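These notes are about the structure you will find just below.
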Amino acid sequence: METNWPLYEVFIRSKNGLSHKHVGSLHAADAEMALENARDVYTRRNEGVSIWVVKAVDIKASDPADGDFLFEPASDKIYRHPTFYEVPDAVKHM
Amino acid sequence: MTQVSSLEDRFLQIIDADEKIEPKDWMPEEYRKTLIRQISQHAHSEIVGMLPEGNWITRAPSLKRKLALLAKVQDEAGHGLYLYSACETLGIDRSTLLDQLHTGKAKYSSIFNYPTITWADMGAIGWLVDGAAIMNQVPLCRCSYGPYARAMVRVCKEESFHQRQGYEIMTVLCKGSEEQKVMAQDALNRWWWPSLMMFGPNDADSTHSELSMRWKIKRFSNDELRQRFVDMTVPQAELLGLTIPDKDLKYNEAKKGYDFGTINWDEFWEVVKGNGPCNEERLRARVEAHDKGQWVRDAAAAYARKQKEKSSLSKTA
Ligand SMILES: [Fe+2]
Ligand SMILES: [Fe+2]
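Line order of the protein sequences matches chains A and B. Counting from 1, position 33 in the first sequence corresponds to residue 33 in the working numbering; the numbering is continuous, with no gaps. Counting from 1, position 44 in the second sequence corresponds to residue 1044 in the working numbering; the numbering is continuous, with no gaps.
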């Protein structure tokens, strides 16, 4: 069995004004080839105006098992939301 | 033990809430195994599925048909890639998957073990085979495993052109000469039953179905999808002026759908076991294509290595 080429994650900006969005992945010998192949595979129908490829091993991902621990600090801070504050009904445009 | 069962409870909660399982989430080993089997079979089918149609690219009757067929076959290669990538998120690597295909250990859809002997087969395949594939694939866009569901959304967007170009080929043939009509009917005769087999064994004989439904990998049973396909396709055949090769086919007012004849399951299992008309040829062609591409992969790897050396040299200089 042969060894695999490195895995690249592919991100596409569908049009200017929007963020790049993850669309999938592919194996390639190098970043240049990853970019060319991403063009051929993920933008055959004008899906994009810009492509990023990133080696999958270079992405550090959070562990879903740590989800509670990571994101819990945000959940009890209701004062970060506008609805936390009471403003008289008469006030407009706020 | 309590640890596993609470993880499993959490997993089932996600499934029941119709949310998605993502690659790094905890999942039962059996869920992972089922998905690897299903997604890899699906990927292999896309790749092997290029061969029967590839047979006609150089002999397409016009430039327009040739361009369409090339684009379709290229799409199928893309589908294979989306699916291999989705499968790899489950912790199996690409070379292992390809090895399983090339050694005959992994299965692919039996439909691709039938020969494509006339141009009308390109019409029948797009219309019926891609049509049946769409019927199977649309519910998979809601599959509980995120990467598979997302890959299927892309695939489904691309499939509808495949079916339409196939049906258009049939339309043109059916409006053509007597010879062309005969050719179209002959293609329907040969592809009809294998297309119905694409939905898999009857529900009563289907081994993996129950858990797959519980885990929302599958949303509908084989027989439900097959029935829908028949109900959708019969009127399309009528519009072409073609006859479905089934003497038991009859509209059933009570169930608002068609009753149809019994599928020849002996034939199905023979083809699955490797004894179809083209099993050997398909596998041989696939292995040969892979082996003949070895020098290209070697060259690309050597080039990448050299480029890397060059850039590290220029950095230190
Ligand atoms: Fe496909
Ligand atoms: Fe297709």
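Backbone N, C-alpha and C define an ideal beta-carbon position, used for all residues, glycine too. Fair warning: this is a prediction, and the values are worked out from it, not measured in the lab.
Using the three-state DSSP reduction, which class does B:I1169 fall into: helix, strand or coil? Locating residue 1169 of chain B in the second sequence gives position 169, counting from the first residue. Helix.
Would you mind telling me which residues of chain B sit closer than 7 Å to A:R39, beta carbon to beta carbon, in chain order? Start at 1 with the first residue of the first sequence, and residue 39 of chain A comes out as number 39. Correct list: empty, because the minimum Cβ distance to chain B is about 12 Å.
What are the boundary residues of the alpha helix (DSSP H) that includes A:D68? Indexing the first sequence from 1 puts residue 68 of chain A at position 68. It spans G67 to S75 - the alpha helix (DSSP H) in which A:D68 sits, taken as one unbroken run.
For B:S1320, does the three-state DSSP call read helix, strand or coil? No answer is possible for residue 1320 of chain B: it lies beyond the span of chain B, which begins at 1001 and ends at 1317.
Extent of the continuous beta strand (DSSP E) to which A:S50 belongs: Translated into positions along the first sequence, residue 50 of chain A becomes position 50. Looking at the DSSP string, the run of the beta strand (DSSP E) that includes A:S50 is S50 to K55.
In its own chain, which residues sit with a C-beta less than 6 Å from the C-beta of B:H1042, not counting the 5 before and 5 after it? In the second sequence, residue 1042 of chain B corresponds to position 42, counting from 1. So the qualifying residues of the chain are L1083.
I need the boundaries of the alpha helix (DSSP H) containing B:D1130, first residue and last residue. What you label residue 1130 of chain B is simply residue 130 of the second sequence in a count that begins at 1. Element bounds for B:D1130: D1130 to Q1137.
In the DSSP assignment, find the alpha helix (DSSP H) that holds A:H20 and state where it starts and stops. Position 20 of the first sequence, counting from 1, holds the residue named residue 20 of chain A. Careful: A:H20 lies outside any alpha helix (DSSP H) and carries neither H nor E.
Taking contact to mean 3 or more Cβ pairs, one atom from each stretch, closer than 8 Å, check whether the segment 1089–1099 of chain B and the segment 1267–1282 of chain B are in contact. no
Three-state secondary structure assigned by DSSP to B:D1009: Position 9 of the second sequence, counted from the first residue, corresponds to residue 1009 of chain B. Helix at B:D1009.
With a threshold of 8 Å between beta-carbons, can A:D89 be considered close to chain B, or not? What you label residue 89 of chain A is simply residue 89 of the first sequence in a count that begins at 1. False, the Cβ-Cβ gap to chain B never drops below 8 Å.
Going along chain B in order, which residues have a C-beta closer than 8 Å to the C-beta of A:L70? Here residue 70 of chain A refers to the residue found at position 70 of the first sequence. Going along chain B, no residue has its Cβ under 8 Å from A:L70, so there is no contact; the nearest lies around 13 Å.
State buried or exposed for A:A29, treating a residue as buried only when at least 16 other CB atoms are found within 10 Å of its CB. Numbered from 1 along the first sequence, position 29 holds the residue referred to as residue 29 of chain A. Answer is buried; the Cβ neighbour count reaches 16.
Just to confirm, is the Cβ distance from B:M1198 to B:S1109 under 8 Å? In the second sequence, counting from the first residue as 1, residue 1198 of chain B sits at position 198. In the second sequence, counting from the first residue as 1, residue 1109 of chain B sits at position 109. Against a cut-off of 8 Å, the Cβ pair of B:S1109 and B:M1198 comes out as a contact.
Helix, strand or coil, according to DSSP, for B:D1291 in the structure here? Position 291 of the second sequence, counted from the start, is the residue given in the question as residue 1291 of chain B. It is helical.
State buried or exposed for B:L1035, treating a residue as buried only when at least 16 other CB atoms are found within 10 Å of its CB. Working through the second sequence from its first residue, we reach residue 1035 of chain B at position 35. Label assigned to B:L1035: buried.
Going straight from the alpha carbon of A:V10 to that of B:L1098, what length do you get? Position 10 of the first sequence, counting from 1, holds the residue named residue 10 of chain A. Position 98 of the second sequence, counting from 1, holds the residue named residue 1098 of chain B. For A:V10 and B:L1098, the distance between alpha carbons rounds to 22 Å.
Helix or strand or just coil, what does DSSP make of B:H1208? The count along the second sequence starts at 1 and reaches residue 1208 of chain B at position 208. Correct three-state label for B:H1208: coil.
Best match in B:I1047, B:F1112 and B:D1018 for proximity to B:F1268 [C-alpha to C-alpha]: Residue numbering aside, residue 1268 of chain B sits at position 268 when the second sequence is read from its first letter. That would be B:F1112, whose Cα lies nearest to the Cα of B:F1268.
Assigned exposure category for B:E1046 - 16 Cβ within 10 Å defines buried: Stepping through the second sequence from its first residue, residue 1046 of chain B is reached at position 46. So B:E1046 ends up on the buried side.
Check whether the Cβ of B:R1219 lies closer than 8 Å to any Cβ atom in chain A. Here the question's residue 1219 of chain B lines up with position 219 in the second sequence. Chain A contact via Cβ: absent.
Neighbour list for A:S50 in chain B, Cβ cutoff strictly below 9 Å: Position 50 of the first sequence, counted from the first residue, corresponds to residue 50 of chain A. In chain order: nothing, as chain B lies at least about 18 Å away.
Three or more beta-carbon pairs under 8 Å between the segment 79–86 of chain A and the segment 38–48 of chain A, yes or no? no
Closer than 7 Å: A:A56 CB and nearest ligand 2 heavy atom: Position 56 of the first sequence holds residue 56 of chain A. No; taking the cut-off as 7 Å, the Cβ of A:A56 has no heavy atom of ligand 2 nearer than that.
Straight-line gap, B:M1001 to B:E1022 (C-alpha atoms, nearest Å): Indexing the second sequence from 1 puts residue 1001 of chain B at position 1. Indexing the second sequence from 1 puts residue 1022 of chain B at position 22. Below a pLDDT of 50, predicted positions are generally treated as unreliable, and B:M1001, at 47, falls in that range; no measurement from the model is reported.
Given this structure, state the Cα-to-Cα distance separating B:R1305 from A:V23, to the nearest angstrom. Reading the second sequence from its first residue, position 305 is the one you call residue 1305 of chain B. Reading the first sequence from its first residue, position 23 is the one you call residue 23 of chain A. Going from the Cα of B:R1305 to the Cα of A:V23 covers about 27 Å.
DSSP state of B:V1234, grouped into three classes? Numbered from 1 along the second sequence, position 234 holds the residue referred to as residue 1234 of chain B. B:V1234 falls in the helix class under three-state DSSP.
Compute the Euclidean distance between the alpha carbons of A:L7 and A:D89, then round it to the nearest angstrom. Along the first sequence, one-based indexing puts residue 7 of chain A at 7. Along the first sequence, one-based indexing puts residue 89 of chain A at 89. Each residue's Cα considered, the two are about 56 Å apart.
Which residues, in order along the segment 17–36 of chain A, keep a beta-carbon less than 7 Å from a beta-carbon of chain B? G24, S25, L26, H27, A29, D30 and M33
In whole angstroms, give me the CA-to-CA distance for B:C1156 and A:S14. The sequence position of residue 1156 of chain B within the second sequence is 156, counting from 1. The sequence position of residue 14 of chain A within the first sequence is 14, counting from 1. Spanning the two alpha carbons is a distance of roughly 19 Å.
Within 10 angstroms of the Cβ of B:N1222, are there 16 or more other Cβ atoms? Answer buried if so, exposed if not. Numbered from its first residue, the second sequence carries residue 1222 of chain B at position 222. Burial call: buried.
Ligand 2 heavy atom lying under 7 Å from the CB of B:A1133: Mapped onto the second sequence, residue 1133 of chain B falls at position 133. Yes, the beta carbon of B:A1133 sits closer than 7 Å to at least one heavy atom of ligand 2.
Quick one: does the C-beta of B:D1075 sit closer than 7 Å to a heavy atom of ligand 2? Here residue 1075 of chain B corresponds to residue number 75 of the second sequence, with the count starting at 1. Yes, Cβ of B:D1075 sits closer than 7 Å to a heavy atom of ligand 2.
Just checking B:E1159 against ligand 2 - is the residue's beta carbon closer than 7 Å to any of the ligand's heavy atoms? Locating residue 1159 of chain B in the second sequence gives position 159, counting from the first residue. Yes.
Out of B:H1079, B:A1184 and B:P1201, which one is the CA nearest neighbour of B:V1153? Walking along the second sequence from the start, residue 1153 of chain B turns up at place 153. Of the listed residues, the one whose Cα sits closest to B:V1153 is B:H1079.
For ligand 3, any of its heavy atoms closer than 7 Å to the Cβ of B:D1130? Ligand 3 is absent from the structure shown, which contains only ligand 1 and ligand 2.
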